[in-house]
Structures are given as C-alpha cells and as structure tokens.
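K.L.:
Here's a structure for you.
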Amino acid sequence: MTLLSVKGVSKRYGPVCALDNVSVDVPIGSRTAVVGPSGSGKTTLLRLIAGFEIPDTGQVTLGGHLLADGPAAVPAHRRGIGIVAQDGALFPHLTVAENIGFGLERKTPHRDKRILALMDMVELARQMRDRRPHQLSGGQQQRVALARALARQPKLMLFDEPFSALDAGLREGIRASVAELLRAEGITSILVTHDQAEALSFADQVAILREGKLLQAGPPRELYMRPCDPGTATFLGDAIILPANVEDGWADCALGRIATPTAYRGVAKIMLRPEQVVVSPLSADWSASQSGEDICSGHITRIEFGGASSAIAVSLLDRHLDYQPEFDISYRIPLLIKTSSVELPPVGSHVQIKVLGQAHVFV
Ligand code: ADP
Ligand code: MG
585 MTLLSVKGVS KRYGPVCALD NVSVDVPIGS RTAVVGPSGS GKTTLLRLIA
635 GFEIPDTGQV TLGGHLLADG PAAVPAHRRG IGIVAQDGAL FPHLTVAENI
685 GFGLERKTPH RDKRILALMD MVELARQMRD RRPHQLSGGQ QQRVALARAL
735 ARQPKLMLFD EPFSALDAGL REGIRASVAE LLRAEGITSI LVTHDQAEAL
785 SFADQVAILR EGKLLQAGPP RELYMRPCDP GTATFLGDAI ILPANVEDGW
835 ADCALGRIAT PTAYRGVAKI MLRPEQVVVS PLSADWSASQ SGEDICSGHI
885 TRIEFGGASS AIAVSLLDRH LDYQPEFDIS YRIPLLIKTS SVELPPVGSH
935 VQIKVLGQAH VFV
C-alpha cells in the first residue's frame with residue numbers, strides 16, 4: 585500500500601528548474617533512497633514533502649490526504665512528517681534530554697520516561713541526557729536529532745544526507761543501525777544522499793534524480809544491474825560499457841558472446857559490472873589454435889593498485905576485435921577491469937577473461 589505519493593511535482597526558483605515533473609510512490613513501511621549529484625533537487629524534493637516549500641504544480645498525498653495541490657498546501661506542522669537534516673540542527677543551548685523533549689508535548693504523561701525510551705531506541709547511553717550538543721560526537725548528535733524527530737511519532741521520516749558529515753567508518757555503522765531501527769519499528773522513510781553506496785545499502789527502493797528529473801526508480805539490485813542509461817550506470821558504480829551486436833538473446837562484443845535477457849536486435853551498448861569479469865593468468869606458451877577453445881584473452885598493460893581492489897588495463901588480442909560494430913574504436917583502448925588485489929598477474933602477462941552472468945543492453 586502506498587503511504588506517500590508525489591505526482592507530477594515541479595518547482596522553479598527564478599530561472600532554475602529545481603524539480604521537473606517528479607513522480608514517486610513510497611509504500612508504507614518501506615525505505616526509499618533518492619540519490620543524485622549535488623544540485624539535482626534532492627533537498628527541494630524533501631522540503632516539498634515536509635511542507636517547507638510549496639510546489640508550482642503537482643500533488644503530494646500522504647495516507648490518502650492531499651497535502652499539496654500546486655500552491656494550495658497543508659502547513660508543515662500539521663503533516664505528521666519528521667525530518668533529520670544534514671547537520672542535525674540541534675538547539676545548542678539545550679541538553680540532550682531537552683532537545684529530544686522538544687518533540688514532545690509539555691503535558692505528555694511520563695515525559696522523562698519517554699525521553700529515556702527514545703534514547704534507548706536510538707542507542708544513546710542514558711548518561712548523556714544532560715550533555716549539550718557540543719559535548720557530543722557527530723554520530724551522537726545525529727542520534728539525538730533522530731530521537732527528537734521520532735518523539736512526534738511521525739507517519740513518515742525524511743533524512744537529508746544525515747550521515748554525510750560523519751567519517752567513513754562511523755557512517756556505515758550508524759547507517760546500518762538507523763536502517764535496522766526503521767525496519768524494526770516499521771517506520772516509512774525517505775533518505776536523500778549523493779552517495780550511491782549509501783542509497784543502495786539503505787533502501788528497499790532507490791530513485792535516481794538528475795537535474796530535477798526523476799530518471800528511474802526500483803529495487804537497488806534492479807537499478808544497479810539494469811540502469812536506464814550509461815550515465816546512471818556509472819553513477820551507481822563502476823561499469824564496463826561496450827558496443828555489441830545483439831541478437832537472439834546474445835550480445836557479441838570484444839569479450840565474446842554474452843547472454844542477455846533482451847529481445848532487442850541490432851547494434852547497442854551493453855554494460856557489465858566489473859565483478860562479473862574474471863581475469864586469470866594463462867601460461868606464456870598458450871595459444872588459441874592449440875587449445876581450440878574460443879576464449880577471450882589479452883595482455884595486461886597497466887595495474888593501478890587501489891587497496892582491496894585494483895584496476896587492471898587489458899589490451900585484447902586482435903582476433904577478438906572482429907565483432908566490432910562500425911561506430912566505435914574503443915576496442916583498441918585497453919579495457920579497464922576492477923578486480924581483487926589478491927594475486928594480481930604482473931604487467932605484460934597473458935590473461936584469460938571470463939564473464940559471469942548476463943549483459944545489460946541499453947536500448
Ligand atoms: P541538492 O539537495 O540535490 O543538492 P537542491 O534541491 O538543494 O539540490 O537544489 C536544486 C537546485 O535548486 C540548485 O540549482 C539550487 O541552486 C536551486 N535552489 C535550491 N533552493 C533554492 C532557493 N531557495 N533559491 C534559489 N535557488 C534554489
Ligand atoms: Mg541538498
């Protein structure tokens with residue numbers, strides 16, 4: 585069932601079109617991530633949903649109630665929506681307990697107990713209750729901001745890049761624990777971020793925003809493996825994009841014949857994720873004619889060490905270039921393949937390339 589529905593929403597700031605006819609549905613109890621580069625309209629979308637901005641056109645509906653229909657809108661404080669901003673936006677002069685309590689009515693029964701329960705919920709030690717924001721780490725401040733937003737028992741929680749100010753190690757930990765909390769409590773949420781890894785790991789549904797347009801929405805795995813265009817493919821992660829001849833469920837390309845789920849026929853660009861490509865050493869005296877096997881091979885021309893994984897440039901043997909459709913010369917350029925840094929074959933060595941799974945075809 586849909587909790588939030590955004591339909592055909594547009595918003596301009598003078599000459600800037602911040603959102604252009606954006607539609608997205610958020611199922612009840614789900615976690616949606618909206619991901620896009622800086623300036624793509626993410627904050628504007630959240631502010632429109634929260635009620636801090638009013639759309640020029642389009643509707644926002646929550647639980648069947650119309651919140652905004654063009655400029656006619658329900659004010660933010662009457663929407664039952666919680667928001668956690670990038671910097672937490674805590675009151676600097678209030679303690680942790682007072683910041684959290686700000687979300688509760690004065691006359692809430694067992695007010696102090698509720699505050700402690702909220703602190704437990706977001707995994708903040710109870711002895712922090714009398715500290716002020718400057719006495720907390722970035723991660724603890726974000727937990728206070730989350731507890732304050734949860735205090736109102738919102739129907740929907742919005743997060744505007746809430747983890748971006750935290751260091752990498754801490755960010756992953758707090759993101760996972762917030763996702764777990766939202767799942768356990770069944771709280772519907774929308775996270776906006778410019779970090780694709782964060783979006784893919786946090787959400788049930790990922791929506792891609794670029795220059796104010798919502799390009800594609802779906803489950804993370806679906807978007808990662810079947811992006812709508814090469815730009816989205818590379819935005820979501822490393823990609824190998826090659827020209828190919830596609831026919832009868834097969835794509836013939838520089839890496840050989842790869843299965844593909846599409847019924848499309850003709851010349852097209854295909855995409856593989858680097859983890860689908862396995863590079864293994866071949867002995868120096870190996871030759872294709874000898875073995876009779878039709879395997880794809882080449883030479884390593886360069887290795888860029890990158891910690892856990894490295895990029896290796898492989899120059900393919902000429903005989904693999906027969907499939908070359910007319911429009912591309914990129915076959916001549918060594919193929920860059922990200923691979924595990926364990927037991928890398930040396931530069932100059934002869935390697936075999938195997939492709940796992942299917943190729944995605946951009947049509
Ligand atoms: P993001 O959060 O994805 O970085 P924003 O929603 O903040 O993007 O901004 C989208 C575009 O709208 C940007 O070009 C930004 O400069 C512009 N914009 C956002 N808010 C305002 C505003 N209040 N006045 C004028 N332009 C704005
Ligand atoms: Mg923003």
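Using the numbering used here, you'd call the opening residue of the sequence shown number 585 and step up by one each time.
Built from N, CA and C at the ideal position, the CB exists for glycine as well.
Do I539 and V863 have their C-beta atoms within less than 9 Å of each other?
P.N.:
With the chain covering only 585 through 947, there is no way to say anything about residue 539.
K.L.:
Using CA atoms only, rank isn't needed, just tell me which of V728, H694, L900, G722 is closest to R710.
P.N.:
Minimum Cα distance to R710 is reached at V728.
K.L.:
Counting C-beta neighbours from all protein chains within 10 Å, is the total for E910 16 or more, i.e. buried, or is it exposed?
P.N.:
With a pLDDT of 48 at E910, under the threshold of 50, the modelled position of that residue is not reliable, and no figure is offered here.
K.L.:
Determine the closest residue to R695 out of S894, G685, K739, with distance taken between C-alpha atoms.
P.N.:
Comparing Cα positions, the closest option is G685.
K.L.:
Might you give, ordered along the chain, the residues of its own chain that have their beta carbon closer than 7 Å to the beta carbon of N605, omitting 5 neighbours on each side?
P.N.:
Correct list, in chain order: G592, S594.
K.L.:
Would you say C880 and G840 are within 9 Å of each other, going by their C-beta atoms?
P.N.:
A contact, by the Cβ cut-off of 9 Å.
K.L.:
For K584 and S893, which I take to be in contact (beta-carbon distance under 8 Å), what is that distance rounded to the nearest angstrom?
P.N.:
Residue 584 lies beyond the residue range present for the chain, which begins at 585 and ends at 947; the question has no answer from this structure.
K.L.:
Measure the alpha-carbon distance for M712 versus V680 and round it to whole angstroms.
P.N.:
Computed Cα separation, rounded: 7 Å.
K.L.:
Span of the beta strand (DSSP E) holding A652?
P.N.:
Element bounds for A652: 649–653.
K.L.:
The beta strand (DSSP E) that contains I887, what's its start and end?
P.N.:
Unbroken beta strand (DSSP E) run through I887: 880–888.
K.L.:
To which residues of the same chain is P844 closer than 8 Å at the C-beta, ignoring the five residues directly before and after it?
P.N.:
The residue you asked about is not Pro; residue 844 is Thr in the sequence shown. So the qualifying residues of the chain are V830, G833, W834, A835, I854, Q942, A943, H944, V945.
K.L.:
Between which two residues does the alpha helix (DSSP H) containing E756 stretch?
P.N.:
Residues 752–769.
K.L.:
Got a sec, what are the start and stop residues for the alpha helix (DSSP H) G722 sits in?
P.N.:
Note, G722: alpha helix (DSSP H), 722–735.
K.L.:
Roughly how far, in whole angstroms, is the beta-carbon of V790 from the beta-carbon of A617, given that I think they are within contact range, below 8 Å?
P.N.:
That pair is a contact at about 5 Å.
K.L.:
CA-CA distance, A781 and L820?
P.N.:
The straight-line gap from Cα to Cα measures roughly 8 Å.
K.L.:
On the premise that G620 lies in contact with L603, defined as a C-beta separation below 8 Å, what is that separation, rounded to the nearest angstrom?
P.N.:
About 11 Å separates the two Cβ atoms, so there is no contact after all.
K.L.:
Would DSSP call D744 helix, strand or coil?
P.N.:
Three-state DSSP puts D744 in a strand.
K.L.:
Does the ligand MG have even one heavy atom less than 8 Å from the beta-carbon of E745?
P.N.:
Indeed, a heavy atom of the ligand MG lies less than 8 Å from the Cβ.
K.L.:
Is it right to say F889 is buried, meaning 16 or more other beta carbons lie within 10 angstroms of its own, or is it exposed?
P.N.:
Result: exposed.
K.L.:
Return the Cβ separation of V608 and L587 in integer angstroms, given the expectation that the two are a contact with Cβ distance under 8 Å.
P.N.:
In fact, because the Cβ distance is near 12 Å, the residues do not count as touching under 8 Å.
K.L.:
In angstroms, rounded to a whole number, what distance separates the CA positions of E756 and L650?
P.N.:
E756 and L650: Cα-Cα distance of roughly 36 Å.
K.L.:
Using DSSP's beta-bridge definition, name the partner residues of L900.
P.N.:
DSSP lists G882 as partners of L900.
K.L.:
If we call anything under 9 Å between Cβ atoms a contact, is V668 one with M585?
P.N.:
The answer is no: Cβ separation not under 9 Å.
K.L.:
Do S924 and H883 have their C-beta atoms within less than 9 Å of each other?
P.N.:
Not a contact, by the Cβ cut-off of 9 Å.
K.L.:
So within the segment 823–851, which uninterrupted beta strand (DSSP E) runs reach at least 3 residues, ignoring any that extend past its ends?
P.N.:
Here the runs fully enclosed are 824–831, 834–837, 840–843.
K.L.:
Does the distance between the C-beta of G932 and the nearest non-hydrogen atom of the ligand ADP fall short of 8 Å?
P.N.:
Answer for G932: no, Cβ out of range of the ligand ADP.
K.L.:
The ligand ADP and K626: does the residue's C-beta get closer than 8 Å to at least one heavy atom of that ligand?
P.N.:
Checking every heavy atom of the ligand ADP against the Cβ of K626, one is found closer than 8 Å.
K.L.:
Any heavy atom of the ligand MG inside 8 Å of the beta-carbon of Q726?
P.N.:
False, no ligand heavy atom lies under 8 Å from that Cβ.
K.L.:
Helix, strand or coil for G642? Go by DSSP, reduced to three states.
P.N.:
Three-state result, G642: strand.
K.L.:
In angstroms, rounded to a whole number, what distance separates the CA positions of P803 and D788?
P.N.:
Looking at the two C-alpha atoms, the distance is approximately 6 Å.
K.L.:
Among the candidates L799, V947, F786, whose CA atom is the shortest distance from the CA of R849?
P.N.:
That would be V947, whose Cα lies nearest to the Cα of R849.
K.L.:
Tell me whether V590 counts as near the ligand ADP, meaning its Cβ is closer than 8 Å to at least one heavy atom of that ligand.
P.N.:
V590 Cβ: outside cutoff for every heavy atom of the ligand ADP.
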